[in-house]
Amino acid sequence: MNDQPHSHDEPPELAGPPETPVDAGSQALSEALRSSFAIIRFVMIVLVVVFFASGFFTVGPAQRAIILRFGKPLHEGEKALLGPGKLHWSFPYPIDEVVKVNIAGIQTVESTTGWYAETPEQRASGIEPPAPQGTPLNPAVDGYVLTADDNIIHTRATLTYRISEPVRYVFGFVNASNAVQNAVDNAVLWAASQFKVDDVLTHDVAGFQEAVRRRAVQLIEKQDLGVTVEQCVVQSIRPRQLKDAFDQVTSAEQGRGKALIAAHSAENQITNQASADARSLIKLAEIDRDQMVKDMAAQAERFRDILPQYQRSPALFVQQQLSETLGRVLTNAQDKIFVAEGADGKPRELRLLFNREFTKRTP
Amino acid sequence: MKRNPLTLVIGILLIIIFGLWLFVFQVRTTEVAVVTRFGNPTRPITEPGAYGKLPWPIEKVWTFDKRVQNFEDQLTERQTRDNFTLLMAVYVGWKITDPAAFFPKFVSSDDPIKEAERQLDRLLGNAKAAAIGRHPLSDFISASGNGTNFVGIENEILTTLQSQVQANNYGLEIEFLGIKRLQLPSNVSQSVFDRMTEERKRLAEQLQNEGDAEAQNIRSEAGRKAQEMLATARGQATEIKGKGVAEATKSLAVFQQNPELASFLLRLNALEGSLKERSILVFDQNMPPFDLLRGGTTNWLSK
Chain U
0 MNDQPHSHDE PPELAGPPET PVDAGSQALS EALRSSFAII RFVMIVLVVV
50 FFASGFFTVG PAQRAIILRF GKPLHEGEKA LLGPGKLHWS FPYPIDEVVK
100 VNIAGIQTVE STTGWYAETP EQRASGIEPP APQGTPLNPA VDGYVLTADD
150 NIIHTRATLT YRISEPVRYV FGFVNASNAV QNAVDNAVLW AASQFKVDDV
200 LTHDVAGFQE AVRRRAVQLI EKQDLGVTVE QCVVQSIRPR QLKDAFDQVT
250 SAEQGRGKAL IAAHSAENQI TNQASADARS LIKLAEIDRD QMVKDMAAQA
300 ERFRDILPQY QRSPALFVQQ QLSETLGRVL TNAQDKIFVA EGADGKPREL
350 RLLFNREFTK RTP
Chain W
0 MKRNPLTLVI GILLIIIFGL WLFVFQVRTT EVAVVTRFGN PTRPITEPGA
50 YGKLPWPIEK VWTFDKRVQN FEDQLTERQT RDNFTLLMAV YVGWKITDPA
100 AFFPKFVSSD DPIKEAERQL DRLLGNAKAA AIGRHPLSDF ISASGNGTNF
150 VGIENEILTT LQSQVQANNY GLEIEFLGIK RLQLPSNVSQ SVFDRMTEER
200 KRLAEQLQNE GDAEAQNIRS EAGRKAQEML ATARGQATEI KGKGVAEATK
250 SLAVFQQNPE LASFLLRLNA LEGSLKERSI LVFDQNMPPF DLLRGGTTNW
300 LSK
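Chains as they are written, first to last, in numbering that gives the first Met the number 0: chain U, 0 to 362; chain W, 0 to 302.
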């Protein structure tokens, strides 16, 4: 029993190996096929996973994404815009297509048609290329605008904007920034056509800038470019050929300002002096008045004091007062001439020649 | 046994993909398309999405960009109604709206968009010339009217161009149009410079004269004001003094008690006041106290 099962068991074990040499090639093939199918299946699963996983995407902080399903935006209006902060998913191409748009970045365009020809180096250095009087403007390269009073000036507008409707901006225009630029060019031309040269350059710079901005905004809205204007800065200068002529006016203006300042300071001085004089006149009058009143009061006071004395003996009082006064007067008098009565009792005659004062006047 | 369903799935998938590729096409939101059957345009498509078609060579799909295109033309020279020569360039925003009409006219070209713009340029030349010729220079540049004439000219060109495009049935639409450049020929700009120089000179002189006159004005006005102030002050001073006199007069009542003494005191004061300095006194012996000199002391005493 023991052998039998052994002997019975053995043949299959032995039968196995004999088969191997017979069909070794096909067995290896089937083994290989089987494992390669396993690999293929694995790869396919991976591919399917990758296929669907590739549909995940994120949106940058300054971006918005729009999914186009079969070429058509998945939603209408604002809902079509996918923002940052979430993981989004779309079918891979060709079912869905994700279009990302930068929106937060401030874009800048500059008008191109109002400025003279200059190289980027000249622009960067800020030095205007010299153009002596008599150098004509070449319409092919030199830009300028015409003002309302038929003058030629250079002006340049720099407009900054932000994309407010990405769907319109990206899907509506082949080159929306180009359209914005055309709007700015037109705005500069339009604004200049109704401003006078001095208003643009000096008197109403802000008004001109505002006119350019208003027109640009209006055009952008009318053309529905999907952008919002942030700022519009306009720079204008006279033609380089007329630098001297314009400088003359500027210096005349400054001269006028100086003359006016001088006149105003003279005016201040004159009126200040006059008001000081007026004040002192009044002050003096007040002093005079006070003096007069005080004097009079003092005299009255004195009179009141003296009166009893006088009433006691008027003749003596008069005599005394007169003598005192004369004594003081004589002390102060420069010359005193006493003419005594002659022997005959008649008054003497005295002749005086006054020349002390007059000799000075007649040389 | 295991192989069959897998291959089947793969096979079916491939067939579906191939079929889709043959029978379905997409029109993107930025595009319009036209389907041609044996070269003949049959179906225009203006809405985005997925559409079916018969496979090539029966049907073929042509797509075109339907976004707004920017076109800028060159400066062209024209006379205004009042015989000024103006150079003008405009920009145009246009787009394809009817692919079925657009297709037969422009598809033969390598670049249909370029070709369409060449046609636009031609039409634009006429429209611009007509508009400039109808207006005087003052319609282009003018301080009055807030630029309405300027916009009016743009609208005229736009209307002319739109009607021409429509008449030609190009399948296009003009969205907007604006003047981009407005300039003068070289030699004219030179004469403008000469005139501007003259104007500047005149302006400089005017400013100078104005400044002088204004300064003079300010000064004389200041002088007048000063005179006025002093006159007022003098008046006030007189008034104050008058009040002082009035007040002082009140004290005079005291003197009424003895006018004789008052008169004596006043004269005494006047005498002293008038002989204060540089005076020469001449007097005789009758004048006190010199009457003392008339006789000896004894004499006087004996009296």
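Heads up, the beta-carbon is just placed ideally off N, CA and C, and yes, glycines get one too. In this text, all values refer to a predicted model and were calculated from it rather than measured experimentally.
- Taken in chain order, the complete alpha helix (DSSP H) segments of 4 residues or longer contained in the segment 64-148 of chain W are 98-105, 111-133, 136-139.
- Distance check between Ser-274 of chain U and each of W:Val-34, W:Ala-225, W:Asn-148 places W:Ala-225 closest, using alpha-carbon atoms only.
- For Leu-46 of chain U, the three-state secondary structure derived from DSSP is helix.
- Gln-118 of chain W is outside the set of residues whose beta carbon lies under 8 angstroms from a beta carbon in chain U.
- Cβ-Cβ distances below 7 angstroms link Val-97 of chain U to Phe-56, Ala-64, Ile-66, Ser-89 in the same chain, with the five nearest sequence neighbours on each side left out; the list follows chain order.
- Interface criterion met: the Cβ of Arg-288 of chain U is under 8 angstroms from a Cβ in chain W.
- Between Lys-65 of chain W and Glu-30 of chain W, the CB-CB gap stays under 8 angstroms.
- The residue from W:Thr-231, W:Asp-211, W:Leu-119 with its alpha-carbon nearest to that of Arg-255 of chain U is W:Asp-211.
- Assigned with DSSP and collapsed to three states, Val-169 of chain U falls in helix.
- Per DSSP, the beta-bridge partners of Glu-96 of chain U are U:Leu-67.
- In summary, Ile-151 of chain U is buried, with 16 or more beta-carbon neighbours lying within 10 Å of its beta-carbon over all protein chains present.
- The shortest C-alpha to C-alpha distance from Tyr-168 of chain U to any of U:Asp-223, U:Gln-320, U:Ile-38 is the one to U:Asp-223.
- For the set W:Phe-83, W:Trp-61, W:Ala-126, the Cα lying nearest the Cα of Ser-107 of chain W is the one of W:Trp-61.
- When 7 angstroms is used as the limit between beta carbons, Phe-337 of chain U is near these residues of chain W: Phe-282, Phe-289, in chain order.
- Chain-order list of chain U residues neighbouring Asn-125 of chain W: empty, with the shortest C-beta distance near 21 angstroms, by a criterion of under 9 angstroms.
- Using a Cβ-Cβ cut-off of 9 angstroms, Asn-150 of chain U is close to Val-191, Arg-194, Met-195, Glu-198 of chain W, given in chain order.
- Look at the segment 70-85 of chain W: the residues with a C-beta under 8 angstroms from a C-beta of chain U are Glu-71, Leu-74.
- Sorting U:Val-196, U:Ser-235, U:Asp-289, U:Arg-212 by C-alpha distance to the C-alpha of Gly-241 of chain W places U:Asp-289 at the top.
- For the pair Phe-175 of chain W and Pro-40 of chain W, the Cα-to-Cα distance works out to about 29 angstroms.
- By the Cβ neighbour-count rule, Pro-98 of chain W is buried, with 16 or more other Cβ atoms within 10 Å of its own.
- DSSP, read as helix, strand or coil, puts Gln-161 of chain W in helix.
- Cβ-Cβ distances below 7 angstroms link Pro-91 of chain U to Phe-50, Ser-53, Gly-54 in the same chain, with the five nearest sequence neighbours on each side left out; the list follows chain order.
- For His-153 of chain U, the uninterrupted beta strand (DSSP E) run begins and ends at 151-162, by DSSP.
- Within the same chain, Cβ atoms closer than 7 angstroms to the Cβ of Pro-135 of chain W are found at Thr-79, Arg-80, Asp-81, the five residues on either side in sequence being excluded.
- One thing to note: Thr-146 of chain U has its Cβ no nearer than 8 angstroms to the Cβ of Val-204 of chain U.
- DSSP places Tyr-50 of chain W in the strand class (E or B) of the three-state scheme.
- One alpha carbon belongs to Lys-179 of chain W, the other to Phe-139 of chain W, and they sit about 13 angstroms apart.
- Looking at the DSSP output, Val-216 of chain U bridges to nothing.
- Around the beta carbon of Asp-141 of chain U, 16 or more other beta carbons lie within 10 angstroms, which makes this residue buried.
- In chain order, Ile-66, Arg-68, Ser-89 place their CB closer than 6 angstroms to the CB of Asp-95 of chain U, counting only its own chain and leaving out the 5 sequence neighbours on each side.
- Residues of the segment 269-284 of chain U that bring their beta carbon within less than 8 angstroms of a beta carbon in chain W comprise Ile-269, Thr-270, Gln-272, Ala-273, Ser-274, Asp-276, Ala-277, Arg-278, Leu-280, Ile-281, Leu-283, Ala-284, in sequence order.
- The DSSP-derived three-state label of Thr-6 of chain W is helix.
- For His-263 of chain U, the nearest CB of chain W lies under 8 angstroms from its own CB, placing it at the interface with that chain.
- In this structure, the beta-carbon distance from Ala-156 of chain U to Val-233 of chain U falls below 8 angstroms.
- Cβ contact annotation for Gly-104 of chain U (same chain, cutoff 7 angstroms, sequence separation greater than five): Ala-61, in chain order.
- For Lys-99 of chain U against Val-48 of chain U, the beta-carbon gap comes to about 24 angstroms, at or over 8 angstroms, which does not count as contact.
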